[in-house]
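Read through the structure below, which is laid out as structure tokens, and then see the notes.
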């Protein structure tokens with residue numbers, strides 16, 4: 114048990130350092146591109162490029178199930194360090210935006226492999242009853258690093274410039290690789306499969322998709338994760354800034370607080386996922402969406418009836434409650450899938466969930482953009498539409514899971 118605790122510490126520390134280094138690198142490069150070009154469209158394109166490789170996550174999952182996960186983690190951070198070193202050369206010499214874009218794309222591919230590898234490793238290091246706690250801690254630490262990195266990056270960007278920030282990320286990746294090299298993750302070598310590497314990976318991917326298709330609990334978990342990201346996550350990315358800036362007309366400081374509260378709520382929700390989801394079952398899962406829909410309705414009514422200062426407080430309370438719920442639910446779903454998925458397919462299944470859930474975000478953002486398109490100061494109608502949609506998802510969840518028993522869930526694992 115003591116060895117497992119040491120392993121968890123190495124895993125959490127290595128991931129924090131790695132994600133922090135990646136966040137510092139992305140922050141420095143995004144500001145550098147904006148400063149060099151002065152063009153918002155180029156800036157947005159570079160950011161969008163980093164989102165595309167999430168489609169490669171299932172391949173990362175297949176690799177995670179085939180090879181030693183500790184070695185994969187170390188190799189990925191070594192690869193990150195090499196890519197960061199190349200970016201250091203580009204930023205310091207040619208300042209080629211094309212070169213930066215290509216390297217960011219490759220960096221994002223490596224990053225898309227990392228999440229399923231880590232997600233598939235945690236169940237091998239802890240007991241089932243600790244999964245929610247450790248997944249929550251892992252998610253909270255990673256979210257915290259993504260929140261802290263831009264703040265620190267913003268301070269040091271003006272003092273050091275992009276080049277030295279990129280150099281610091283190389284150091285972070287190397288340290289992460291060293292920390293992860295001390296990990297001891299159980300690994301059972303799979304039987305040799307005939308065929309080329311691509312044929313083997315393709316067969317593994319088919320096995321993963323087959324597992325998702327045949328296991329209704331996993332399939333429904335993916336549907337829920339996609340629904341959360343499509344509606345609620347996209348609302349907080351697109352709708353919240355519009356409410357704060359255009360409806361409530363808050364100043365820069367208040368805007369920063371309003372946006373930061375949701376991130377902090379997500380961190381707290383992840384860390385407290387265990388106690389928050391203690392009484393959550395598949396057949397009462399719909400209540401989370403019901404509560405979220407009701408909270409949005411109440412927020413909408415109060416925003417239309419109160420002053421901007423009171424409205425701001427209402428929005429903050431809404432962010433805290435829904436943010437914590439969404440984060441806790443995500444941890445619950447991840448832990449559930451880890452418990453019921455055969456270890457041989459865990460990486461592929463986790464990667465499929467990640468890919469589908471993440472792809473739902475840009476689609477949801479497009480829809481939210483249309484919903485809020487003609488919004489100036491009044492968001493009553495857009496918020497009403499979103500509230501109704503969330504309540505509709507609640508009803509669909511109720512219909513999907515009302516006959517599902519806890520015993521049905523845990524008999525699917527082989």
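In my numbering, the protein residues as written are 114 to 527.
Think of the CB as a built atom: it goes at the ideal place given N, C-alpha and C, for glycine as much as any other residue.
Quick one, which of the options has its alpha-carbon nearest residue i's?
i, options, result
"residue 376", "262, 177, 135, 167", "262"
"residue 361", "468, 293, 490", "490"
"residue 244", "279, 453, 301", "453"
"residue 288", "331, 511, 502, 129", "129"
"residue 252", "242, 235, 268", "235"
"residue 442", "206, 395, 293", "395"
"residue 437", "408, 424, 389", "389"
"residue 135", "415, 272, 194, 324", "194"
"residue 451", "418, 502, 238", "238"
"residue 455", "328, 279, 335", "328"
"residue 344", "197, 431, 505, 311", "505"
"residue 162", "497, 224, 500", "224"
"residue 528", "198, 427, 416, 227", "What is shown of the chain runs 114 to 527, which leaves residue 528 out entirely."
"residue 119", "323, 295, 421", "295"
"residue 382", "260, 284, 250, 427", "250"
"residue 196", "286, 152, 121", "286"
"residue 255", "434, 227, 311, 415", "227"
"residue 449", "435, 260, 200, 337", "337"
"residue 117", "180, 297, 175, 509", "297"
"residue 468", "397, 339, 493, 369", "339"
"residue 435", "503, 420, 498", "503"
"residue 528", "180, 314, 432, 141", "No information on residue 528 is available, as it lies outside the stretch 114 to 527 that the chain covers here."
"residue 311", "151, 418, 121, 179", "179"
"residue 408", "122, 419, 384, 431", "431"
"residue 121", "246, 497, 268, 495", "246"
Use the C-beta contact count for residue i: other C-beta atoms within 10 angstroms, 16 or more gives buried, fewer gives exposed.
i, result
"residue 182", "buried"
"residue 486", "exposed"
"residue 270", "buried"
"residue 148", "exposed"
"residue 386", "buried"
"residue 366", "exposed"
"residue 257", "buried"
"residue 299", "exposed"
"residue 167", "buried"
"residue 515", "exposed"
"residue 221", "buried"
"residue 139", "buried"
"residue 422", "exposed"
"residue 379", "buried"
"residue 479", "exposed"
"residue 412", "buried"
"residue 316", "exposed"
"residue 189", "buried"
"residue 440", "buried"
"residue 131", "buried"
"residue 241", "exposed"
"residue 165", "exposed"
"residue 321", "buried"
"residue 301", "exposed"
"residue 272", "exposed"
"residue 124", "buried"
Who are the Cβ neighbours of residue i in its own chain at under 6 Å, not counting the five residues just before and after it?
i, result
"residue 447", "248"
"residue 185", "230"
"residue 127", "289, 292, 293"
"residue 114", "Because the pLDDT at residue 114 is just 48, under 50, the model does not fix this residue reliably, and the value given afterwards should be weighed accordingly. There are no such residues."
"residue 529", "Given that the chain is displayed from residue 114 to residue 527, the structure contains no residue 529 and the question cannot be resolved."
Spatial neighbours of residue i within its chain, please: C-beta separation below 7 Å, excluding the five flanking residues on both sides.
i, result
"residue 507", "399, 402, 403, 406"
"residue 481", "347, 348, 351, 352"
"residue 281", "137"
"residue 325", "331, 332, 335, 462, 465"
"residue 393", "445"
"residue 177", "185, 229, 230, 233, 460"
"residue 410", "500"
"residue 173", "225, 226, 229, 230, 464"
"residue 513", "333"
Spatial neighbours of residue i within its chain, please: CB distance less than 8 Å, with the 5 preceding and 5 following residues excluded, ordered by chain position.
i, result
"residue 203", "209, 212, 213, 216"
"residue 342", "470, 471, 473, 474, 477"
"residue 425", "357, 361, 363, 367, 371"
"residue 511", "399"
"residue 260", "373, 376, 377, 380"
"residue 205", "276"
Kindly give me the distance between the Cβ atoms of residue i and residue j, rounded to whole angstroms, as I take these residues to be in contact under 8 Å.
i, j, result
"residue 429", "residue 374", "5 Å"
"residue 459", "residue 170", "Not confirmed; about 13 Å, so no contact."
"residue 143", "residue 159", "7 Å"
"residue 283", "residue 218", "Going by Cβ atoms, the distance from residue 283 to residue 218 rounds to 19 Å, so no, they are not a contact pair."
"residue 492", "residue 416", "7 Å"
"residue 175", "residue 277", "Contact flag wrong, Cβ pair sits at about 38 Å."
Report yes if the C-beta of residue i is less than 7 Å from at least one heavy atom of the ligand FMN; otherwise report no.
i, result
"residue 281", "Of ligands this structure carries none, so the ligand FMN is not represented either."
Say whether chain D places a C-beta atom closer than 8 Å to the C-beta of residue i.
i, result
"residue 497", "Of the protein chains in this structure there is only one, and it is not chain D."
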